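For the sequence shown, the working numbering begins at 4 and goes up steadily by one.
For every residue, glycine included, the Cβ atom is placed at its ideal position computed from N, Cα and C.
Just so we're clear, the structure is a prediction, and the values are computed from it rather than from any experiment.
Note sheet for the following structure.
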Amino acid sequence: MNLAFEILFWTSLGWLLYVFILYPLFVAILARIRPCPIQKSDSYLPEVCFVMAAYNEEEVIGRRLQSYVDLEYPREKLYFKIGSDGSSDQTDEIVMEYQKRDQTIDLRRFNRVGKTEIVYTLAEESDSEIIIFCDADIELTQDVLKTIVACFADEEVGGVVARVIYEDTDKNVGNVGETTYRGMEDALRRNESLWYSTVSPTGQCFAVRNGSYTPLNDFRMSDDLNLAITIQLHGRRVWYEPNAVVEEINLRNLWTECKRRLRMGQQSMATFLRYEGTKWPWRGRVAFQIWSHKVLRNLAALPALLFFASSLVLWNSLALYQWVGILGLVWVGLCVIGLIVEVTRLKLPVIGYPLYFTMMVATLAIGSFRAIFSGEGLAMWTSPRIKH
């Protein structure tokens, strides 16, 4: 009996170590000893089309459009297609006001079809060489577009991922936790890009070369992950550019962040399972990275739970299991304290790190298992921000 739980304990530990330590370390070493940089050119100025879905974004879309208007780029080479997904607030009216002043802005209305269908529909209608998929709550710095398109001067590049920073308007557990996680994820994206290509795009701002990806026919999948996967299956690279900075107006709390992770987990897993080239980790470099960076991490709640539970079952076997069990109980206690901090809105968000990490891992896993057992992603969406 104990042997079975010992196998569970050590297998679960190995899974967690690989996902959170060994794979990032492996990629960092490869990026250092065998870097593969790209060839950029500031003189490369192709035609660019932004595509964006918006649903009740009146709080942020004005600033978003103003940052587009202020871009340092030839206006005759710029277009902005916006799809309003049945917005019931002032989103459409705000966009139309900007449309009167800037003829490169185009608004189309949809009837609650979901973000993925909107952005892919708008992208397929564009003849621009570069298409940038972006969110409504992103503000563009003036020179970010030139920084992004310079990367496409390298013909091997099929996609460019921007670096997202956050305007933290509320120092709660959800905001602080996401900011910390994003910093670690950016380092991994950078190293994967230097190795060859990253499999972790930021959906907030992801630029692609037109024709380098496979359009979706099932809009319940993840739009940005489909882009990243199919670009690489077509033989091109997805490059993370740390100098291409965009700012997200980050109005979130723990609960909105959990809803977002549930959706991400379900859409991501459904997307991974869609392609034969990524279904199993031994089917090439892209599949290996997808499984190491995404699939095993999205399911990490399972080994974490088994690791803790088996340590309690094996409590009387070795002191090691007792220490692991004690640390697990301390972690649970910290999560409870973090929950109190979040509910009472105390200004101690750093205490909420264990809670944020636990909720992130748990909700990603729940969403992933939904996709595994149902075989479906998720189309409908709402803004993951706090409404004031």
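query, result
"Exposed unless 16 or more other CB atoms sit within 10 angstroms - verdict on L28", "exposed"
"Proximity to A374 [Cα-Cα], best of S320, S271, L148, S131", "S271"
"Proximity below 8 Å, CB of T336 to CB of R240", "Residue 336 is actually Gly in this sequence, not Thr. Not a contact, by the Cβ cut-off of 8 Å."
"Identified DSSP bridge partners for R166", "V248"
"Inter-residue Cα distance where the pair is R266 and T14", "28 Å"
"8 Å Cβ cutoff met for L33 and W294", "no"
"Beta-carbon proximity of D140 to R67, cut-off 8 Å", "yes"
"Inter-residue spacing [alpha-carbon to alpha-carbon] between Y21 and E251", "31 Å"
"Backbone secondary structure at Y243 - three-state DSSP", "strand"
"G86: first and last residue of the uninterrupted beta strand (DSSP E) it sits in", "81–88"
"Nearest candidate by alpha-carbon position, reference N256, set R286, E195, S131, G341", "G341"
"Residues near M383 in its chain [Cβ-Cβ closer than 8 Å; skip 5 each side]", "With a pLDDT of 49 at M383, under the threshold of 50, the modelled position of that residue is not reliable, and the figure given next carries that caveat. Answer for M383: R115, G117, listed in chain order."
"Span of the beta strand (DSSP E) around A56", "51–57"
"Burial state of D45 (16 or more Cβ within 10 Å)", "exposed"
"N- and C-terminal bounds of the alpha helix (DSSP H) containing V202", "Unbroken run through V202: none, as it is neither H nor E."
"Distance, M362 Cα to E260 Cα", "9 Å"
"Boundaries (first-last residue) of the alpha helix (DSSP H) holding I329", "322–347"
"At least 3 beta-carbon pairs within less than 8 Å: the stretch 228–248 vs the stretch 317–329", "no"
"At least three beta-carbon pairs within less than 8 Å, the stretch 286–293 to the stretch 198–214", "yes"
"Residue environment, P38, which counts as buried when at least 16 other CB atoms sit within 10 Å", "exposed"
"According to DSSP, residues forming a beta bridge with I133", "V51, R212"
"Own chain residues within Cβ distance below 6 Å of S313, not counting five before or after", "F8, L11, F12"
"Pick from Y71, F53, L236 that is closest to V122, judged by C-alpha positions", "F53"
"Beta-carbon separation (whole angstroms), D426 vs Q42, contact threshold 8 Å", "Residue 426 cannot be examined here, being either before or after the span of the chain that is shown, 4 to 391."
"Collapsed DSSP secondary structure at K390 in the structure displayed", "Any answer about K390 is weak, because its pLDDT of 47 lies below 50 and its placement is not dependable; what the coordinates show is given next. Reduced to three states, the DSSP call for K390 is coil."
"Stretch-stretch touch, CB-based, cutoff 8 Å, three pairs: the stretch 301–321 with the stretch 363–370", "yes"
"Span separating the alpha-carbon of Y243 from that of E100", "34 Å"
"Cut-off 6 Å between Cβ atoms - residues of its own chain near D92, not counting five sequence neighbours on either side", "N59, E61"
"Where the alpha helix (DSSP H) through F222 begins and ends", "Neither: F222 is in no alpha helix (DSSP H) and is coded neither H nor E."
"DSSP-derived helix/strand/coil call for R373", "helix"
"Bounding residues of the beta strand (DSSP E) (the contiguous stretch that carries F113)", "108–113"
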